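Number of protein chains: 2
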Amino acid sequence: YKLTPQRRAVIRTIAAGQDHLTPIEIYEKVHQDHSNIGLVTIYRTLELLAKLKLICELHAGNNCPSYTIGAEGHHHHLTCNHCGKVIDFTGYDLTNLEQRLTLETGFKIDSHLLEFTGLCQVCQKEAT
Amino acid sequence: YKLTPQRRAVIRTIAAGQDHLTPIEIYEKVHQDHSNIGLVTIYRTLELLAKLKLICELHAGNNCPSYTIGAEGHHHHLTCNHCGKVIDFTGYDLTNLEQRLTLETGFKIDSHLLEFTGLCQVCQKEAT
DNA sequence: TTATTAATGAAAACAATCTTCAACTGGTTA
DNA sequence: TAACCAGTTGAAGATTGTTTTCATTAATAA
Numbered sequence: 021y022k023l024t025p026q027r028r029a030v031i032r033t034i035a036a037g038q039d040h041l042t043p044i045e046i047y048e049k050v051h052q053d054h055s056n057i058g059l060v061t062i063y064r065t066l067e068l069l070a071k072l073k074l075i076c077e078l079h080a081g082n083n084c085p086s087y088t089i090g091a092e093g094h095h096h097h098l099t100c101n102h103c104g105k106v107i108d109f110t111g112y113d114l115t116n117l118e119q120r121l122t123l124e125t126g127f128k129i130d131s132h133l134l135e136f137t138g139l140c141q142v143c144q145k146e147a148t
Numbered sequence: 021y022k023l024t025p026q027r028r029a030v031i032r033t034i035a036a037g038q039d040h041l042t043p044i045e046i047y048e049k050v051h052q053d054h055s056n057i058g059l060v061t062i063y064r065t066l067e068l069l070a071k072l073k074l075i076c077e078l079h080a081g082n083n084c085p086s087y088t089i090g091a092e093g094h095h096h097h098l099t100c101n102h103c104g105k106v107i108d109f110t111g112y113d114l115t116n117l118e119q120r121l122t123l124e125t126g127f128k129i130d131s132h133l134l135e136f137t138g139l140c141q142v143c144q145k146e147a148t
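These protein sequence lines are chains A and B, in that order. The numbering of the first sequence is this note's numbering, which starts it at 21 and goes up by one. The numbering of the second sequence is this note's numbering, which starts it at 21 and goes up by one.
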């Protein structure tokens, strides 16, 4: 794969903030600097980057799907409902549960989705 | 809230199978018996039923969002990528993790999403 | 009966995503 | 150098998914 200016811009935009962005939001941000980028390129690039695990797809909360920069290794996410801040966390292992489910159901499990949502400290204070 | 024929039909349709259905799929099924139901009613009903926890929204896998009938109490889901079958499971408690995250991040956590996907037994056999 | 409210369906508006295709890019080869 | 080629892009339009608007209907209460 080539690291084209467009792809670089998409990665930079997603990596720039600590939050998660919808495809449209990404398009709008990238468009500020690359005024001739097409929305199609955004979708294609997101698909590619997600496949390469450079970015992560988020499903919980309102803006589904949205994307955040991918941390190294396997991890899960905690996002703020209000400002959209995303925190990665690791050290939580689901293989025991996965084994239990495999035994109980006979499923061949190939992936899972674990996300938390809530209010971050800053937004909690603002709410008062 | 009133239990109108339309709402009853939507619930029945979702409850009838063991799988999960997208709004469009639900519309098509309900439409067979209630040929004059509007797609709008489907969306409104799904929103209402989800709020009342009578149905559950699924996010993992391809068809996002899709809906399945809501089991009693708090539970999570395991779905088959191939036939769409959904299995509810309980007895997995995330409050420890939730407390850890609250301490570490200061978030006030209000919900989570935990889903597994894979291949059910039947679809595994078919694949061979 | 009348007044009131909730729910519905149709159409249109809106938004998100995908397909198609011609043009362009950078690198390779003759 | 020129011709070539796979990968990438942007524009337009098609398709799909979701929401809004509004007039009509059904149910309920006074």
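Ideal placement from N, C-alpha and C gives every residue a C-beta, glycine not left out. The structure presented is a predicted model; accordingly, all values stated were derived computationally and were not measured.
Mark residue i as exposed unless 16 or more other C-beta atoms lie within 10 angstroms of its C-beta, in which case mark it buried.
i: Ile44(A); result: exposed
i: Val60(B); result: exposed
i: Ala29(B); result: buried
i: Tyr87(A); result: buried
i: Gly93(B); result: exposed
i: Glu135(B); result: buried
i: Thr65(B); result: buried
i: Arg104(B); result: The question names Arg, but residue 104(B) is Gly in the sequence shown. With 16 or more Cβ atoms within 10 Å of its Cβ, Gly104(B) is classed as buried.
i: Leu23(B); result: exposed
i: Leu133(A); result: buried
i: Leu123(B); result: exposed
i: Leu72(B); result: exposed
i: Lys49(B); result: buried
Roughly how far, in whole angstroms, is the beta-carbon of residue i from the beta-carbon of residue j, given that I think they are within contact range, below 8 angstroms?
i: Gly89(A); j: Ile46(A); result: Correcting the residue type first, residue 89(A) is Ile in the shown sequence and not Gly. With 8 angstroms as the limit, Ile89(A) and Ile46(A) do not qualify as a contact, their Cβ atoms being about 11 angstroms apart.
i: Cys143(B); j: Cys76(B); result: About 21 angstroms separates the two Cβ atoms, so there is no contact after all.
i: Thr137(A); j: Ala80(A); result: 5 angstroms
i: Ala91(A); j: Asp108(A); result: 4 angstroms
i: Phe127(B); j: Leu139(A); result: 7 angstroms
i: Pro85(B); j: Leu74(B); result: About 15 angstroms separates the two Cβ atoms, so there is no contact after all.
i: Leu98(A); j: Thr115(B); result: 15 angstroms between Cβ atoms; not a contact.
i: Gln52(A); j: Val106(A); result: Not confirmed; about 22 angstroms, so no contact.
List the DSSP bridge partners of residue i.
i: Thr137(A); result: Thr99(A), Ser131(B)
Return helix, strand or coil for residue i, following the three-state DSSP convention.
i: Lys105(B); result: strand
i: Thr88(A); result: strand
i: Ile57(B); result: coil
i: Leu114(A); result: coil
i: Leu41(B); result: strand
i: Leu78(B); result: strand
i: Lys73(B); result: coil
i: Tyr21(B); result: coil
i: Thr148(B); result: coil
i: His51(A); result: helix
Quick check: is any heavy atom of the ligand ZN less than 7 angstroms from the C-beta of residue i?
i: Ala35(A); result: The ligand ZN is not part of this structure, which contains no ligands at all.
| Which residues, taken in chain order from the segment 127-148 of chain B, show a beta carbon closer than 7 angstroms to some beta carbon of chain A? | Those residues of the segment 127-148 of chain B that come within reach of chain A (Cβ to Cβ, closer than 7 angstroms) are Phe127, Lys128, Ile129, Asp130, Ser131, His132, Leu133, Leu134, Glu135, Phe136, Thr137, Gly138, Leu139, Cys140, Gln141, Gln144.
| Where the segment 71-89 of chain A meets chain B: residues whose CB sits under 8 angstroms from a CB there | Cβ contacts with chain B: His79, Ala80, Cys84, Pro85.
| field | chain B contacts made by the segment 22-37 of chain A, where a contact means CB separation under 7 angstroms | value | Answer set for the segment 22-37 of chain A: empty.
| task | Taking only beta carbons into account, state which residues of the segment 113-124 of chain A come closer than 9 angstroms to chain B, listed in chain order. | result | Going along the segment 113-124 of chain A in chain order, one finds Leu114, Leu117, Glu118, Arg120, Leu121, Thr122, Glu124 with a Cβ nearer than 9 angstroms to chain B.
| Residues within the segment 46-71 of chain B neighbouring chain A, beta-carbon criterion of under 8 angstroms | Residues of the segment 46-71 of chain B with a Cβ closer than 8 angstroms to any Cβ of chain A: none.
| Which residues, taken in chain order from the segment 94-107 of chain B, show a beta carbon closer than 8 angstroms to some beta carbon of chain A? | The residues in question are Leu98, Cys100, Asn101, Ile107.
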